[in-house]
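Asker: Residues 79 to 498 (our numbering) are what the sequence shown spells out, left to right. All C-beta atoms in this analysis are idealised placements derived from N, C-alpha and C, irrespective of residue type, glycine included. The structure is given below, and queries will be raised subsequently.
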Amino acid sequence: MTQAIRGMHDTLPEEIATWQQVEDQARRIFERYGFHEIRTPILEKTELFTQTLGEATDVVEKEMYTFADRNDESLSMRPEGTASVVRSALQHSLLHVLPQRMWYLGPMFRYEKPQKGRARQFHQIGVEVFGAAGPDIDAELLMLTARLWRELGIAEHVRLEINTLGNPEERKNYREALQAWLRERADQLDEDSKRRIETNPLRVLDTKDPQTLAAIKDVPLLADYLQEESIAHYEGLKALLDAAGIAWVHNPRLVRGLDYYTHTVFEWVTDRLGAQGTICAGGRYDGLCALHGGKDVPGVGFAMGLERVVALVNECQEIKPLHPHVYLIMAGDAALPYGMALAERLRNEIPALRLQNHIGGGGFKAQFKRADRFGAEFAMIIGDDEVNNGQAALKPLLAEGEQQVLAEADLITFLREHVK
Ligand code: ATP
Ligand code: MG
79 MTQAIRGMHD TLPEEIATWQ QVEDQARRIF ERYGFHEIRT PILEKTELFT QTLGEATDVV
139 EKEMYTFADR NDESLSMRPE GTASVVRSAL QHSLLHVLPQ RMWYLGPMFR YEKPQKGRAR
199 QFHQIGVEVF GAAGPDIDAE LLMLTARLWR ELGIAEHVRL EINTLGNPEE RKNYREALQA
259 WLRERADQLD EDSKRRIETN PLRVLDTKDP QTLAAIKDVP LLADYLQEES IAHYEGLKAL
319 LDAAGIAWVH NPRLVRGLDY YTHTVFEWVT DRLGAQGTIC AGGRYDGLCA LHGGKDVPGV
379 GFAMGLERVV ALVNECQEIK PLHPHVYLIM AGDAALPYGM ALAERLRNEI PALRLQNHIG
439 GGGFKAQFKR ADRFGAEFAM IIGDDEVNNG QAALKPLLAE GEQQVLAEAD LITFLREHVK
């Protein structure tokens with residue numbers, strides 16, 4: 079039998095409740111802050127990613143699913159959301175009324191080594207804001223994410239790390255100094271880091287190799303290359319977070335994997351998920367729109383790894399799959415048409431009611447067994463008597479209580495009260 083592709087997972091009905099909870103909460107919070115959803119295609123021209131993400135990033139170097147279509151055009155499965163949102167915003171002239179707040183949700187694809195917390199198809203929920211250059215919007219995004227963690231019950235298990243990468247000029251100066259410093263110590267670094275000295279030296283700071291970490295203990299930091307404006311931006315962010323009571327940790331080694339970041343970068347990290355503990359990451363990318371050939375509009379955003387957020391929520395609480403309120407049991411020739419029509423009227427009257435019809439006939443006993451299996455709260459039983467009298471019998475299956483026979487109007491009143 080054919081199996082799913084390695085690193086690409088099914089999300090089964092028994093697991094879906096947590097996903098839906100996270101997605102619903104996120105959607106609701108985005109609306110409360112004035113964000114609008116945008117959906118872009120999963121496939122884009124490969125050049126979109128090579129031009130915007132940077133040739134020397136992990137994603138472009140080795141993680142993209144790239145192929146030629148039947149017309150020999152090079153296409154890639156999107157490895158992240160920002161590039162596509164920028165493309166779409168420019169293509170459809172969305173950047174005339176600013177700031178523009180958008181969010182997205184969907185699958186992303188990266189050819190990485192599958193492991194705990196790392197898949198080849200994974201899902202991100204992200205936001206992008208265009209046309210706001212100050213630390214106020216950076217702070218708003220962090221307040222919004224902090225709210226989401228609170229509402230999901232995971233706030234105590236995450237911490238916020240922040241850093242600044244300065245503007246492109248400061249970064250360039252620092253990059254050169256860092257490169258010179260690293261070249262002198264190249265023989266003490268792991269192979270990946272050694273290669274990155276020339277291609278993407280900031281990424282060396284982000285290494286997980288213990289020997290390299292020791293070798294770069296006293297590495298010069300970007301903070302020493304920052305000028306007044308960048309410092310003011312960063313200080314402004316910290317002050318806004320403090321005023322809102324959002325705890326943060328300054329992590330001078332925090333750099334992001336993609337080239338386009340400027341100023342603020344941040345990660346929300348947990349210790350509860352093992353090595354892959356970053357559940358949400360983002361920052362500012364002021365040059366990205368211009369890089370993409372649009373006008374020079376500042377941007378800031380983040381993406382959270384949905385699998386990791388779901389795993390953390392599951393660590394902290396049990397979210398049960400939805401069970402039926404009522405399982406409809408019907409026996410006798412007249413019961414089926416009467417019962418199914420009654421069920422439709424109940425669904426009309428009580429939209430929140432989860433009512434599951436028994437399908438496939440059989441005796442009372444077998445149908446009750448099914449009702450138990452599906453975890454229904456009540457069995458609604460229709461036999462000849464109920465049909466003749468225009469009634470229904472209702473029997474509690476999970477709680478104590480007697481079976482009662484109700485006329486339709488009373489049934490509606492009872493169930494409406496119950497599902498409230
Ligand atoms: P890492 O250093 O873990 O590879 P990254 O810098 O590649 O992270 P981003 O591109 O910033 O990650 O993606 C944002 C978030 O998406 C990550 O913090 C993580 O939660 C999630 N994520 C990234 N790659 C994967 C993956 N392969 N599987 C599952 N989640 C992922
Ligand atoms: Mg990665």
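#1: Just checking residue 190 against the ligand ATP - is the residue's beta carbon closer than 7 Å to any of the ligand's heavy atoms?
#2: Could you give the uninterrupted runs of the alpha helix (DSSP H) lying entirely in the stretch 382-408, keeping only those of 4 residues or more?
#3: Under three-state DSSP, which class holds residue 456?
#4: Please list the terminal residues of the continuous beta strand (DSSP E) segment that includes residue 434.
#5: Which residue marks the beginning of the alpha helix (DSSP H) containing residue 185, and which one marks its end?
#6: Taking the Cβ atom as the reference point for each residue, do residue 103 and residue 190 lie within a distance shorter than 8 Å?
#7: Report the CB separation of residue 405 from residue 359 in whole angstroms; it is logged as a contact under 8 Å.
#8: Inspect the beta-carbon positions of residue 420 and residue 470 and report whether they are closer than 8 Å.
#9: Report the residue ranges of all beta strand (DSSP E) runs contained in full by the stretch 300-367; include only those spanning at least 3 residues, in chain order.
#10: Tell me whether the beta-carbon of residue 116 lies closer than 8 Å to the beta-carbon of residue 186.
#11: Are the stretch 96-112 and the stretch 237-246 touching by the rule of at least three beta carbon pairs closer than 8 Å?
#12: Is it buried or exposed, residue 327, if we count other Cβ atoms within 10 angstroms and call 16 or more buried?
#13: So which of 444, 251, 218 has the shortest CA-CA distance to residue 301?
#14: Classify residue 458 as buried or exposed, calling it buried when 16 or more other Cβ atoms lie within 10 Å of its own Cβ.
#15: Please name the residue in 305, 482, 383, 135 whose C-alpha comes closest to that of residue 97.
#16: In angstroms with no decimal places, state the Cα-to-Cα distance between residue 349 and residue 461.
#17: Give the secondary structure of residue 297 by DSSP, where H, G and I count as helix, E and B as strand, and everything else as coil.
#18: Is the distance from the Cβ of residue 154 to the Cβ of residue 142 below 8 Å?
#19: What is the rounded straight-line gap between the Cα of residue 214 and the Cα of residue 159?
#20: For the candidate residues 432, 389, 490, 414, whose alpha-carbon lies nearest to that of residue 194?
#21: Given this structure, state the Cα-to-Cα distance separating residue 412 from residue 465, to the nearest angstrom.
#22: I'd like the list of long-range same chain contacts for residue 374, defined as Cβ closer than 7 Å, with 5 residues on each side in sequence excluded.
#23: By how many angstroms is the C-alpha of residue 161 removed from the C-alpha of residue 120?
#24: Can you list, in chain order, the residues of its chain whose CB lies under 6 Å from that of residue 183, leaving out five sequence neighbours each side?
#25: Leaving aside the five residues before and after residue 246 along the sequence, list all residues of the same chain whose C-beta is less than 8 Å from its C-beta, in chain order.
#26: Since residue 123 sits in a beta bridge, which residues does DSSP pair it with?
#27: Leaving out the 5 sequence neighbours to the left and right, which residues in its chain are closer than 6 Å to residue 354 when beta-carbon positions are compared?
#28: Are the Cβ atoms of residue 275 and residue 260 separated by less than 8 Å?
#29: Taking 8 Å as the threshold (C-beta atoms), are residue 376 and residue 112 in contact?
#30: For residue 430, which residues of its own chain have a beta-carbon under 7 Å away from its beta-carbon, when the five flanking residues on both sides are left out?
#31: In or out: residue 399 buried (at least 16 other Cβ within 10 Å) or exposed?
#32: Quick check: the Cα distance between residue 285 and residue 448, rounded to an integer number of angstroms?
#33: Taking the alpha carbon of residue 268 as the reference point, which residue from 280, 293, 253 has its own alpha carbon closest?
#34: Considering only the alpha carbon of each residue, which of 320, 482, 79 lies closest to residue 224?
#35: Would DSSP call residue 443 helix, strand or coil?
#36: Could you check how far apart the C-beta atoms of residue 432 and residue 402 are, in whole angstroms? I think they sit under 8 Å.
Answerer: The short version:
#1: Residue 190 has its Cβ nearer than 7 Å to a heavy atom of the ligand ATP.
#2: As far as the stretch 382-408 is concerned, its whole alpha helix (DSSP H) runs of at least 4 residues are 384-394.
#3: The DSSP-derived three-state label of residue 456 is strand.
#4: Start and end: 433-435.
#5: Counted as a single uninterrupted DSSP element, the stretch harbouring residue 185 is not any alpha helix (DSSP H) but the beta strand (DSSP E) occupying residues 178-187.
#6: Against a cut-off of 8 Å, the Cβ pair of residue 190 and residue 103 comes out as no contact.
#7: That pair is no contact at about 45 Å.
#8: Yes. Within cutoff.
#9: For the stretch 300-367, whole beta strand (DSSP E) runs of length 3 or above, ordered along the chain, are 340-348, 356-362.
#10: No, the Cβ-Cβ distance between residue 116 and residue 186 is not below 8 Å.
#11: Using a Cβ-Cβ distance cut-off of 8 Å, the stretch 96-112 and the stretch 237-246 are not in contact, since fewer than three pairs of beta carbons, one from each stretch, lie closer than that value.
#12: Per the 10 Å Cβ criterion, exposed.
#13: If we check each option's Cα against that of residue 301, 251 comes out closest.
#14: The residue is buried, with at least 16 neighbouring Cβ atoms inside 10 Å.
#15: Closest by alpha carbon: 383.
#16: It is roughly 56 Å from the alpha-carbon of residue 349 to the alpha-carbon of residue 461.
#17: Residue 297: coil per DSSP, three-state reduction.
#18: For residue 154 and residue 142, yes; Cβs fall inside 8 Å.
#19: Spanning the two alpha carbons is a distance of roughly 23 Å.
#20: Closest option to residue 194, Cα to Cα, is 389.
#21: Rounded to whole angstroms, residue 412 to residue 465 spans 7 Å at the Cα level.
#22: Within the same chain, and ignoring the five residues on either side of residue 374 in sequence, the residues whose Cβ sits closer than 7 Å to its Cβ are 367, 368.
#23: Take the alpha-carbon of residue 120 and the one of residue 161: they are about 12 Å apart.
#24: Apart from sequence neighbours up to five positions away, the residues of its chain that approach residue 183 with a beta-carbon distance below 6 Å are 203, ordered along the chain.
#25: Contacts found: 340, 365.
#26: Bridge partners of residue 123: 153.
#27: Excluding its 5 nearest sequence neighbours in each direction, residue 354 has C-beta neighbours in its own chain below 6 Å: 195, 196, listed in chain order.
#28: Yes, the Cβ-Cβ distance between residue 275 and residue 260 is below 8 Å.
#29: Not closer than 8 Å, so no.
#30: Excluding sequence neighbours, residue 430 sits near 497.
#31: Exposed, since its Cβ has fewer than 16 Cβ neighbours within 10 Å.
#32: Rounded to the nearest angstrom, the gap between the Cα atoms of residue 285 and residue 448 is 54 Å.
#33: For residue 268, the nearest C-alpha among the options comes from 293.
#34: The option with the nearest alpha carbon to residue 224 is 320.
#35: Helix, per DSSP.
#36: That pair is a contact at about 5 Å.
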